[in-house]
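Comments concern the structure below.
Residue numbers (this note's numbering), protein chains in the order written: chain A, 1305 to 1530; chain B, 73 to 297.
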């Protein structure tokens, strides 16, 4: 066996890969479910917070800003560890899936709120006044005038942030979630062979590379023309 | 209520865990001081390469950056930490973190610096060159200072993310803040040390988050008026 064959036999061992393929696939399904749940709830919660903030109720806004700041400053892994290992002491034991989902959704919520809010405030006050004076209600102004413009300028930062946070599903491994990385790691220690890890790496690329390429395209489509 | 205080804000345990947690904080600071310049250096190399007129190099660069934007940093770290020993290369957690950050955060810094450099009109380089500055001098004295200023909020925001990312070191037994807190937690069976770590992260990074909010808002308002 020459060096190259030995390399292939170690890192791309067909037998090992075939054996652990079902594991990696089930991990991939779990990662997709988790990612979709995080994106849906995180973005929605962020949008709702930004809309509440636009009502301009001072004490409520301070609370929103504080919560957002907390989840922007804490490392996502710290939030996950705190939820998974800490909450049981408070009588609530979320599963690994729920812990990871909750934590990353909160982090995404914080970043999304900030971006949505920046989008909302970027529309000049005159537009609000003009819309209201034509007889549109507050909700109509928000829905038909402000949000379409706000969403347009938020789309690039929002997609980037969403990808960066959704990739964090891999952090679930730390709380023994059986997503791709978790499955691959335990397969490596069972088989004494790194091939499952290479499969796991490939699975992440298959999942996220198309999203990154799409994001790059979206960025050019919605960029501010200077 | 009392149970909650005892489980999360236990003064006795906090006192006992303090030296361990503070040691972790020191290591997190040192780790950040290592990986931020490392990532910036990687980013600068990528941004310089992006100026190349050769199409294959530019395509390769986009592929490189997109690869690391798609690849979770933790997977990269585990790949280095658990994969490389099979190739006969045992690097240890600290070196793996350094390499993973150089690659991962370098790609992000590279994108930001490239955008900054592209925001400087070409005429400035031509003017600088025609006064007798070399290409390197024009870059270091004319283009880069302005480019960095233009993308300062993005650079700062990425640096914040890099510092937060150092918590990944805990997975490969680098004794940074989160690792130390978890050690203390597993000895005391109490969540207080982790709450301490979270509070420390928050207190240190909150001012940066506030500053960023203001910088980002200002940039957005400037672009729409």
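Cβ atoms here follow ideal geometry from the backbone N, Cα and C, with glycine treated the same way.
Inter-residue CB distance, residue i and residue j (contact presumed, cutoff 8 Å)
i	j	result
residue 1448(A)	residue 1455(A)	Rounded, the Cβ-Cβ distance is 12 Å, inconsistent with contact.
residue 1345(A)	residue 1511(A)	Not a contact, Cβ separation roughly 19 Å.
residue 266(B)	residue 1385(A)	6 Å
residue 1265(A)	residue 237(B)	No answer is possible for residue 1265(A): it lies beyond the span of chain A, which begins at 1305 and ends at 1530.
residue 1316(A)	residue 1376(A)	About 40 Å separates the two Cβ atoms, so there is no contact after all.
residue 118(B)	residue 137(B)	7 Å
residue 197(B)	residue 215(B)	6 Å
residue 1474(A)	residue 146(B)	4 Å
residue 1480(A)	residue 1501(A)	Going by Cβ atoms, the distance from residue 1480(A) to residue 1501(A) rounds to 17 Å, so no, they are not a contact pair.
residue 123(B)	residue 189(B)	7 Å
residue 283(B)	residue 229(B)	Not quite, the Cβ-Cβ distance comes to about 10 Å (not below 8 Å), so this is no contact.
residue 129(B)	residue 121(B)	6 Å
Residue i: contacting residues in chain B (beta-carbon distance under 8 Å)
i	result
residue 1327(A)	Within 8 Å Cβ-Cβ: nothing; residue 1327(A) doesn't reach chain B, min ~16 Å.
Cβ of residue i within 7 Å of any chain A Cβ
i	result
residue 82(B)	no
residue 273(B)	yes
residue 188(B)	no
residue 108(B)	no
residue 125(B)	no
residue 119(B)	no
residue 281(B)	yes
residue 88(B)	no
residue 270(B)	yes
residue 79(B)	yes
residue 122(B)	no
residue 92(B)	no
Per-residue contacts from residue i into chain B (C-beta, under 7 Å)
i	result
residue 1313(A)	Those do not exist, as residue 1313(A) stays about 11 Å from chain B at its closest Cβ, beyond 7 Å.
Residue i at chain B interface by Cβ criterion, 7 Å
i	result
residue 1512(A)	yes
residue 1376(A)	yes
residue 1341(A)	no
residue 1379(A)	yes
residue 1492(A)	yes
residue 1471(A)	yes
residue 1309(A)	no
residue 1306(A)	no
Cross-chain neighbours of residue i in chain B, by beta carbon under 9 Å
i	result
residue 1387(A)	Ordered by position in chain B, no residue passes the 9 Å Cβ test against residue 1387(A), which lies about 10 Å from the chain.
residue 1367(A)	Per Cβ cutoff of 9 Å: no residues; residue 1367(A) is ~15 Å from chain B at best.
residue 1489(A)	150, 154
residue 1467(A)	141, 142
Under 8 Å from the C-beta of residue i: neighbouring residues of chain A
i	result
residue 266(B)	1382, 1385, 1386, 1389, 1390
residue 99(B)	Residues of chain A passing the Cβ test: none, with the nearest at roughly 14 Å.
residue 288(B)	1418, 1422
Partner residues on chain A for residue i, Cβ-Cβ distance less than 7 Å
i	result
residue 76(B)	1394
residue 285(B)	1418
residue 277(B)	1377
Proximal residues of chain A, C-beta to C-beta of residue i below 9 Å
i	result
residue 221(B)	Under the 9 Å cutoff, chain A gives no residues; its nearest Cβ is about 17 Å from residue 221(B).
residue 263(B)	1386, 1389, 1390, 1391, 1392, 1393, 1394
Residue-chain proximity (residue i, chain E), Cβ-Cβ < 7 Å
i	result
residue 1337(A)	The structure shown contains no chain E; its protein chains are A and B.
Problem - Members of the stretch 1495 to 1510 of chain A that neighbour chain B once the beta carbon cut-off is set at 8 Å - result: 1497, 1498, 1501, 1502, 1504, 1505, 1508, 1509
Exercise for the section: Please specify which runs of the alpha helix (DSSP H), each continuous and at least 4 residues long, are wholly inside the stretch 204 to 281 of chain B, giving them in chain order. Expected result: List check, alpha helix (DSSP H) in window: 216 to 222, 224 to 237, 249 to 260.
Handout entry: Positions along the stretch 1390 to 1419 of chain A whose CB lies within less than 7 Å of some CB in chain B
Key = Residues 1390, 1393, 1394, 1418.
Exercise for the section: Give, in chain order, every unbroken run of the alpha helix (DSSP H) that is at least 4 residues long and sits entirely within the stretch 1427 to 1494 of chain A. Expected result: 1429 to 1437, 1451 to 1470
Handout entry: the stretch 131 to 146 of chain B: positions lying closer than 7 Å to chain A by Cβ
Key = Under the 7 Å Cβ criterion, the stretch 131 to 146 of chain B contributes 138, 141, 142, 143, 144, 146.
Problem - Proximal residues, the stretch 246 to 261 of chain B versus chain A, C-beta separation under 7 Å - result: For the stretch 246 to 261 of chain B, residues whose beta-carbon sits nearer than 7 Å to a beta-carbon of chain A comprise 250, 254, 257.
Exercise for the section: Please name the residues in the stretch 153 to 177 of chain B whose beta-carbon is closer than 8 Å to at least one beta-carbon of chain A, in chain order. Expected result: 154, 155, 158, 159
Exercise for the section: Return the residues of the stretch 228 to 243 of chain B that lie within a Cβ-Cβ distance of less than 9 Å from chain A, sorted by chain order. Expected result: 232, 233, 235, 236, 237, 238, 239, 240, 242, 243
Handout entry: Residues of the stretch 1514 to 1525 of chain A whose Cβ lies closer than 9 Å to any Cβ of chain B, in chain order
Key = 1514, 1515, 1516, 1517, 1519, 1520
Exercise for the section: Please list the residues of the stretch 1473 to 1486 of chain A that have a C-beta atom closer than 9 Å to any C-beta atom in chain B, keeping them in chain order. Expected result: 1473, 1474, 1475, 1477, 1478, 1484, 1485
Exercise for the section: Output the residue ranges of the alpha helix (DSSP H) runs that lie fully inside the stretch 1316 to 1390 of chain A and measure 4 residues or longer, sorted by chain position. Expected result: Scanning the stretch 1316 to 1390 of chain A from its first residue to its last, the whole alpha helix (DSSP H) runs of 4-plus residues come out as 1318 to 1358, 1362 to 1377, 1380 to 1385.
Practice task
List in chain order: all unbroken alpha helix (DSSP H) runs of 4+ residues lying wholly within the stretch 79 to 129 of chain B.
Solution key: Assignment of alpha helix (DSSP H) within the stretch 79 to 129 of chain B, counting only whole runs of 4 or more residues, yields 83 to 122 in chain order.
Handout entry: Continuous alpha helix (DSSP H) assignments of at least 4 residues falling wholly in the stretch 119 to 205 of chain B
Key = Segments of the alpha helix (DSSP H) lying fully in the stretch 119 to 205 of chain B: 127 to 142, 145 to 150, 165 to 190, 194 to 202.
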